[in-house]
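Just so you know, the sequences run in chain order X and U. For the first sequence, the working numbering gives the first residue as 6, with consecutive numbering after it. For the second sequence, the working numbering gives the first residue as 82, with consecutive numbering after it.
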Amino acid sequence: MRRFLTTLLVAVAALLAAEGLARALPPSTLHCSLTDRNPAVRYGWPGWTAPRDRPAGQRLVVVLSNSQGFAPELEDPSLTWPSRLRRRLLEGGDAAVYNWSLNAARGPELAVLAAQAGRHEPDLVLVVAGSGTFSQAQATWRVGFRANDLRDLLADPAAARRLPEPLIAGLRAQVGLRWTDHVRARSGLVRLRDRLPLLEKGIAQVAQETPEDGGGSGGAGGNTLGAHRGEGAGDALLDALRQAAGAPVLFVGQPLGPGASEADRAARRAFVERTAARWQPDAGASIVDAADAVTPERFLSLTHLDARGHADFAAWLGPRVDDALTR
Amino acid sequence: MLFNSPEFVLFAPLVLLGHAALSGRALRLWLICASYLFYGWGEPWYCLLLAFSTALDYTAALRIHASDRAGVRKAWLLASVAGNLGMLGVFKYSGLFLRWAGALLGAVGVEGLSISALETSVRLADVALPVGISFYTFQTLSYTIDVYRRQLTPTRDFTAVALYVAFFPQLVAGPIERAGQLLPQLSQKQRRSADDLIAGATRVLWGLVKKAVFADWFAVFVADVWGTPETATPLELFLGLHAFSFQLYLDFSAYSDIAIGLARMMGIRLRENFRWPFLSRNPVEFWTRWHISLTTWVRDYVYVPLGGSNLGRNRTLFNSLIVMLAIGLWHGADEKFLVWGLVHWVYDSLYRAWVNKRGTRWYRGKPYAWSDAPAVLFTYFLVIPQVFFGAPSLSHAWVILQRVFSPWGGPLLSRPEGRVAVILALLGVAATAHILRGLDLDRRLRAIRSPLAVGLLWAGLIALIAVGYAPDAEQFYYFRF
Numbered sequence: 006m007r008r009f010l011t012t013l014l015v016a017v018a019a020l021l022a023a024e025g026l027a028r029a030l031p032p033s034t035l036h037c038s039l040t041d042r043n044p045a046v047r048y049g050w051p052g053w054t055a056p057r058d059r060p061a062g063q064r065l066v067v068v069l070s071n072s073q074g075f076a077p078e079l080e081d082p083s084l085t086w087p088s089r090l091r092r093r094l095l096e097g098g099d100a101a102v103y104n105w106s107l108n109a110a111r112g113p114e115l116a117v118l119a120a121q122a123g124r125h126e127p128d129l130v131l132v133v134a135g136s137g138t139f140s141q142a143q144a145t146w147r148v149g150f151r152a153n154d155l156r157d158l159l160a161d162p163a164a165a166r167r168l169p170e171p172l173i174a175g176l177r178a179q180v181g182l183r184w185t186d187h188v189r190a191r192s193g194l195v196r197l198r199d200r201l202p203l204l205e206k207g208i209a210q211v212a213q214e215t216p217e218d219g220g221g222s223g224g225a226g227g228n229t230l231g232a233h234r235g236e237g238a239g240d241a242l243l244d245a246l247r248q249a250a251g252a253p254v255l256f257v258g259q260p261l262g263p264g265a266s267e268a269d270r271a272a273r274r275a276f277v278e279r280t281a282a283r284w285q286p287d288a289g290a291s292i293v294d295a296a297d298a299v300t301p302e303r304f305l306s307l308t309h310l311d312a313r314g315h316a317d318f319a320a321w322l323g324p325r326v327d328d329a330l331t332r
Numbered sequence: 082m083l084f085n086s087p088e089f090v091l092f093a094p095l096v097l098l099g100h101a102a103l104s105g106r107a108l109r110l111w112l113i114c115a116s117y118l119f120y121g122w123g124e125p126w127y128c129l130l131l132a133f134s135t136a137l138d139y140t141a142a143l144r145i146h147a148s149d150r151a152g153v154r155k156a157w158l159l160a161s162v163a164g165n166l167g168m169l170g171v172f173k174y175s176g177l178f179l180r181w182a183g184a185l186l187g188a189v190g191v192e193g194l195s196i197s198a199l200e201t202s203v204r205l206a207d208v209a210l211p212v213g214i215s216f217y218t219f220q221t222l223s224y225t226i227d228v229y230r231r232q233l234t235p236t237r238d239f240t241a242v243a244l245y246v247a248f249f250p251q252l253v254a255g256p257i258e259r260a261g262q263l264l265p266q267l268s269q270k271q272r273r274s275a276d277d278l279i280a281g282a283t284r285v286l287w288g289l290v291k292k293a294v295f296a297d298w299f300a301v302f303v304a305d306v307w308g309t310p311e312t313a314t315p316l317e318l319f320l321g322l323h324a325f326s327f328q329l330y331l332d333f334s335a336y337s338d339i340a341i342g343l344a345r346m347m348g349i350r351l352r353e354n355f356r357w358p359f360l361s362r363n364p365v366e367f368w369t370r371w372h373i374s375l376t377t378w379v380r381d382y383v384y385v386p387l388g389g390s391n392l393g394r395n396r397t398l399f400n401s402l403i404v405m406l407a408i409g410l411w412h413g414a415d416e417k418f419l420v421w422g423l424v425h426w427v428y429d430s431l432y433r434a435w436v437n438k439r440g441t442r443w444y445r446g447k448p449y450a451w452s453d454a455p456a457v458l459f460t461y462f463l464v465i466p467q468v469f470f471g472a473p474s475l476s477h478a479w480v481i482l483q484r485v486f487s488p489w490g491g492p493l494l495s496r497p498e499g500r501v502a503v504i505l506a507l508l509g510v511a512a513t514a515h516i517l518r519g520l521d522l523d524r525r526l527r528a529i530r531s532p533l534a535v536g537l538l539w540a541g542l543i544a545l546i547a548v549g550y551a552p553d554a555e556q557f558y559y560f561r562f
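Quick look at the structure:
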């Protein structure tokens with residue numbers, strides 16, 4: 006028995022030493038500033054979005070958007086509007102744009118990412134989304150994050166405490182946060198994964214979703230803030246995002262495609278006016294509508310822009326971002 | 082409860098502490114409670130099936146033993162067989178049998194009747210397959226059969242039989258134990274040494290590494306390329322054949338490792354279930370290294386009673402066909418498992434015919450040499466029939482095989498290069514481990530016993546899981562059987 010206990014002791018000591026060494030290592034080189042999009046698409050968000058040192062004087066804009074920002078149809082990421090925006094900002098000095106766009110992103114994901122963005126102390130959090138992003142019910146992890154990533158982010162107290170408790174509680178209930186997730190979120194050893202590019206590439210764009218990740222889209226417990234749903238819940242979610250970011254926020258109602266009806270435009274106008282009125286006392290938050298910023302022929306599909314559409318939208322966006330940064 | 086679940090990390094040490102503190106009947110009751118908790122964690126009603134099987138076979142074994150009248154003995158044996166196989170039939174095979182019956186009725190022109198009556202029946206039978214039912218029904222059946230054959234004296238201690246049926250380390254995915262070996266170990270507390278504890282814990286950790294770092298990564302790749310074979314390239318599908326074979330082996334042998342390791346930490350020795358099957362030098366040897374507890378069960382309770390290989394060449398062929406089909410059907414209620422068994426039977430029969438004609442040596446039990454490499458490589462192509470096992474359906478399997486064995490044109494890869502690189506790296510590690518083992522080059526590693534070295538090994542294995550675990554933790558593959 007003594008030999009067994011000695012062996013156990015050696016193992017625990019070695020693990021603690023390894024954990025200490027892992028924590029002492031400088032931040033991972035696989036980081037959001039090194040490329041224009043998250044290469045893992047649906048995986049590795051905690052490592053991908055972890056804060057790191059940035060050069061003094063560098064302006065930082067974090068883009069939170071959906072497939073309009075991720076632009077899966079463009080093989081060359083330098084053609085996307087976030088990349089074009091970065092090039093524009095670089096003309097005025099050192100600048101970085103983190104493109105955290107997520108295909109089919111919904112409100113809770115963007116709020117969690119905004120909390121993570123706040124840890125970078127950005128100069129601006131630019132949110133480009135539709136009004137439905139914050140009010141339509143859809144199970145969070147079905148469309149964007151993998152459950153494990155959401156668990157990791159929620160288990161990370163630095164990010165989680167930036168969000169209102171009802172939202173955190175609701176999301177935790179959805180993904181089934183367990184004690185192992187807390188261990189994993191705090192483990193330096195687990196974070197070593199971020200240093201293994203092969204592993205990250207290996208998990209890039211793997212399966213779409215798994216049954217483990219929850220029920221069908223639109224199910225109970227989807228895009229909710231605590232017990233609230235619908236329009237009011239969407240507003241509260243958007244406000245939670247703004248607070249979680251802890252930095253100036255510019256919300257841009259994304260360009261509407263050729264299929265948009267007059268009712269869609271009216272709903273967008275109402276949403277923008279309502280949000281603008283609510284945010285009016287806060288100088289750090291503003292909302293603009295880009296419904297007609299891109300002409301219909303610049304769309305590849307009902308919602309996705311072509312390369313010229315991205316250029317047009319970046320040109321439309323540039324002055325407004327400049328304005329928000331200097332405000 | 083899964084071995085790779087967070088709950089189990091708390092459950093196992095608690096059970097082991099209880100095991101250390103208790104003895105006799107209290108220990109058996111403790112382990113029975115733990116086993117029922119383990120089994121009923123997700124679906125408590127499954128425990129009723131376990132209890133039914135225990136009560137039936139406890140009674141049947143005692144009645145068989147107590148009677149000298151052949152009719153009574155046979156009746157109780159039949160009751161045990163019918164009860165256990167009936168349970169298996171209802172929960173596992175009813176859907177398949179009703180589908181076949183529907184097709185048969187349709188073929189003879191009573192389609193209207195078949196649709197209304199059989200659809201209702203299929204819906205009624207559409208219940209979840211209780212986890213591990215194929216394993217424990219076979220294990221408990223062997224108890225009554227051995228008593229019937231007068232190879233075993235039944236115990237009057239109900240707790241010993243209940244624990245034999247429900248012993249949690251091997252309950253849901255084997256190894257399928259025999260009462261003659263396991264019951265005496267469960268009837269009284271076994272002495273366990275520090276060696277047992279250390280070797281058992283090492284085996285458990287090694288099993289977790291095989292599952293989380295290897296098998297689950299292979300599972301991600303296989304699900305991706307085999308799930309949509311039309312979009313995968315022939316190279317990816319070919320890699321999928323190898324990845325699935327290793328996934329199946331590593332997943333299942335990982336479960337066996339954990340089961341054997343846990344039992345050993347309680348001083349109980351379970352039988353080995355795998356012996357490096359990809360080191361086989363012929364198809365016959367393969368079956369002495371793969372899922373040994375099932376193949377020996379079928380050999381002892383099906384093949385030998387049918388006459389084995391003692392009744393001439395044709396009868397031997399027929400008997401081995403029955404065995405292979407039974408093994409196939411044991412795995413799942415799907416035609417693809419029958420095809421899988423059939424293809425293995427063809428391999429097996431061709432090899433036997435070749436041996437009979439050429440008098441080639443059988444290799445069994447002989448040490449390896451580099452000159453064995455061609456035989457090992459040739460036998461390695463037993464990975465091909467595994468496609469019938471792992472593909473979502475027979476039609477998927479055909480598409481995969483057609484694409485792999487047609488001329489390869491077009492791009493080599495359709496999936497990210499990094500993902501294919503991960504799979505190649507893992508296959509390389511698995512193949513290297515086999516080579517080291519085959520040539521006995523790992524002997525010194527296996528002989529290490531110093532607490533410092535073993536402690537560092539444990540820490541290394543845990544760190545490997547922390548860093549290298551696959552993104553989607555899969556449940557063990559054989560849980561579905």
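Heads up, the beta-carbon is just placed ideally off N, CA and C, and yes, glycines get one too.
Check whether the Cβ of residue 87 of chain U lies closer than 8 Å to any Cβ atom in chain X.
-> Position 6 of the second sequence, counted from the first residue, corresponds to residue 87 of chain U. Judged by the 8 Å Cβ criterion, residue 87 of chain U is in contact with chain X.
Minimum Cβ-Cβ distance from residue 23 of chain X to chain U less than 8 Å = Locating residue 23 of chain X in the first sequence gives position 18, counting from the first residue. True, the Cβ-Cβ gap to chain U drops below 8 Å.
How would you write the range of the alpha helix (DSSP H) that residue 292 of chain X sits in, first residue to last?
-> Indexing the first sequence from 1 puts residue 292 of chain X at position 287. That residue, residue 292 of chain X, is in no alpha helix (DSSP H); its beta strand (DSSP E) goes 290–294.
Which residues in chain U sit within 7 Å of residue 184 of chain X, going by Cβ to Cβ distance?
-> Translated into positions along the first sequence, residue 184 of chain X becomes position 179. Residues of chain U passing the Cβ test: 87.
Rounded to whole angstroms, what's the CA-CA distance from residue 148 of chain X to residue 111 of chain X? Just pull it up for me.
-> Working through the first sequence from its first residue, we reach residue 148 of chain X at position 143. Working through the first sequence from its first residue, we reach residue 111 of chain X at position 106. Because residue 148 of chain X sits at a pLDDT of 45, beneath the cut-off of 50, its placement in the model cannot be relied upon, and the point is left open.
So, do the stretch 286–305 of chain X and the stretch 242–257 of chain X have three or more beta carbon pairs nearer to each other than 8 Å?
-> yes
Spell out a yes or no on whether the stretch 257–276 of chain U and the stretch 296–316 of chain U are touching, meaning 3 or more CB-CB pairs, one atom from each, closer than 8 Å.
-> no
Residue 87 of chain X: which of X:319, X:327, X:328, X:324 sits nearest, CA to CA?
-> Position 82 of the first sequence, counted from the first residue, corresponds to residue 87 of chain X. Comparing Cα positions, the closest option is X:319.
Can you find a C-beta in chain U that's less than 8 Å from the C-beta of residue 252 of chain X?
-> Position 247 of the first sequence, counting from 1, holds the residue named residue 252 of chain X. So, not an interface residue.
How should residue 309 of chain U be labelled, buried or exposed, when 16 other C-beta atoms within 10 angstroms of its C-beta is the threshold for buried?
-> Translated into the one-based positions of the second sequence, residue 309 of chain U becomes position 228. It counts as exposed.
7 Å CB neighbourhood of residue 416 of chain U in its chain, flanking five on each side removed | Numbered from its first residue, the second sequence carries residue 416 of chain U at position 335. Contacts found: 475.
Within the same chain, show all residues whose beta-carbon is closer than 7 Å to that of residue 229 of chain U, passing over the 5 residues directly before and after it, in chain order.
-> Looking up residue 229 of chain U in the second sequence gives position 148. Taken in chain order, the residues that qualify are 145, 154, 158.
Member of U:549, U:405, U:282, U:328 whose CA lies at the smallest distance from the CA of residue 429 of chain U | Here residue 429 of chain U is taken as the residue at index 348 of the second sequence, counted from 1. Comparing Cα positions, the closest option is U:405.
For residue 134 of chain X, the first and last residue of its enclosing beta strand (DSSP E) = In the first sequence, counting from the first residue as 1, residue 134 of chain X sits at position 129. Per DSSP, residue 134 of chain X belongs to the beta strand (DSSP E) from 129–134.
Does the stretch 455–469 of chain U come close enough to the stretch 362–369 of chain U that 3 or more CB-CB pairs lie under 8 Å?
-> yes
Residues of chain U with CB under 7 Å from residue 16 of chain X, in chain order?
-> The sequence position of residue 16 of chain X within the first sequence is 11, counting from 1. Going along chain U in sequence order, the residues near residue 16 of chain X (Cβ under 7 Å) are 536, 539, 540.
Measure from the alpha carbon of residue 102 of chain X to the alpha carbon of each residue in X:90, X:109, X:96, then state which is nearest.
-> Start at 1 with the first residue of the first sequence, and residue 102 of chain X comes out as number 97. Comparing Cα positions, the closest option is X:90.
Hey, which unbroken runs of the alpha helix (DSSP H) at 4 residues or more fall wholly within the stretch 100–173 of chain U?
-> 105–121, 127–147, 151–169
Closer than 7 Å by C-beta to residue 389 of chain U: which residues in its own chain qualify, once you throw out the five before and the five after it? Chain order, please.
-> Sequence index remark: in the second sequence, residue 389 of chain U carries index 308 (1-based). Cβ within range, chain order: 400.
Is residue 317 of chain U buried or exposed, if buried means 16 or more other CB atoms sit within 10 Å of its CB?
-> Numbered from its first residue, the second sequence carries residue 317 of chain U at position 236. So residue 317 of chain U ends up on the buried side.
What is the rounded straight-line gap between the Cα of residue 122 of chain U and the Cα of residue 89 of chain U?
-> Here residue 122 of chain U refers to the residue found at position 41 of the second sequence. Here residue 89 of chain U refers to the residue found at position 8 of the second sequence. Residue 122 of chain U and residue 89 of chain U: Cα-Cα distance of roughly 11 Å.
Unbroken stretches of the alpha helix (DSSP H), 4 residues or longer, contained in the stretch 436–497 of chain U | 454–461, 467–471, 475–485
Under 8 Å Cβ to Cβ from residue 383 of chain U, same chain only, skipping five residues before and after it: list those, please.
-> Position 302 of the second sequence, counted from the first residue, corresponds to residue 383 of chain U. Excluding sequence neighbours, residue 383 of chain U sits near 403, 404, 407.
Touch check for the stretch 498–509 of chain U and the stretch 322–337 of chain U: three-plus C-beta pairs under 8 Å?
-> yes
Please state if the CB of residue 351 of chain U and the CB of residue 339 of chain U are separated by a distance shorter than 8 Å.
-> Here residue 339 of chain U is taken as the residue at index 258 of the second sequence, counted from 1. Here residue 351 of chain U is taken as the residue at index 270 of the second sequence, counted from 1. Not a contact, by the Cβ cut-off of 8 Å.
What does residue 19 of chain X reach in chain U if we use C-beta pairs closer than 7 Å?
-> The residue given as residue 19 of chain X occupies position 14 in the first sequence. Those within 7 Å of residue 19 of chain X in chain U are 536, 537, 540.
Enclosing beta strand (DSSP E) for residue 326 of chain X [first to last residue] = As a first step, residue 326 of chain X must be located in the first sequence, where it is residue number 321. Note, residue 326 of chain X: premise wrong, no beta strand (DSSP E); alpha helix (DSSP H) at 312–331.
For the stretch 511–536 of chain U, which residues have a CB atom closer than 8 Å to at least one CB atom of chain X, in sequence order?
-> 532, 533, 535, 536
Within chain X, the residues that residue 543 of chain U reaches when beta carbons sit closer than 7 Å | Counted from its first residue, the second sequence places residue 543 of chain U at position 462. Near residue 543 of chain U (Cβ distances below 7 Å), the residues of chain X are 20.
7 Å Cβ shell around residue 107 of chain X - same chain, five flanking residues per side excluded | Against the first sequence, residue 107 of chain X aligns to sequence position 102. Correct list, in chain order: 71, 75, 114, 149.
What is the DSSP secondary structure of residue 213 of chain X, reduced to helix, strand or coil?
-> Residue 213 of chain X sits at position 208 when you count from the first residue of the first sequence. With a pLDDT of 35 at residue 213 of chain X, under the threshold of 50, the predicted position of this residue should be treated as unreliable, though the coordinate-derived value follows. Of the three classes helix, strand and coil, the one that applies to residue 213 of chain X here is coil, per DSSP.
Inter-residue Cα distance where the pair is residue 302 of chain X and residue 309 of chain X | As a position in the first sequence, residue 302 of chain X is number 297, starting the count at 1. As a position in the first sequence, residue 309 of chain X is number 304, starting the count at 1. Residue 302 of chain X and residue 309 of chain X: Cα-Cα distance of roughly 11 Å.
Is there a Cβ from chain U that is less than 8 Å from the Cβ of residue 54 of chain X?
-> The count along the first sequence starts at 1 and reaches residue 54 of chain X at position 49. It does not; no Cβ of chain U falls within 8 Å.
Which one of U:100, U:142, U:295, U:535 has the shortest CA to CA distance from residue 160 of chain U?
-> Walking along the second sequence from the start, residue 160 of chain U turns up at place 79. Answer by Cα proximity: U:142.
Close-in-space but distant-in-sequence residues of the same chain around residue 284 of chain X (CB under 6 Å, 5 per side omitted) | The residue labelled residue 284 of chain X in the question sits at position 279 within the first sequence. Once the five neighbours on either side are set aside, the close Cβ partners of residue 284 of chain X are 290.
Same chain only: Cβ atoms within 8 Å of residue 273 of chain X, ignoring 5 sequence neighbours per side | Against the first sequence, residue 273 of chain X aligns to sequence position 268. Around residue 273 of chain X: 135, 136, 258, 261, 294, 296.
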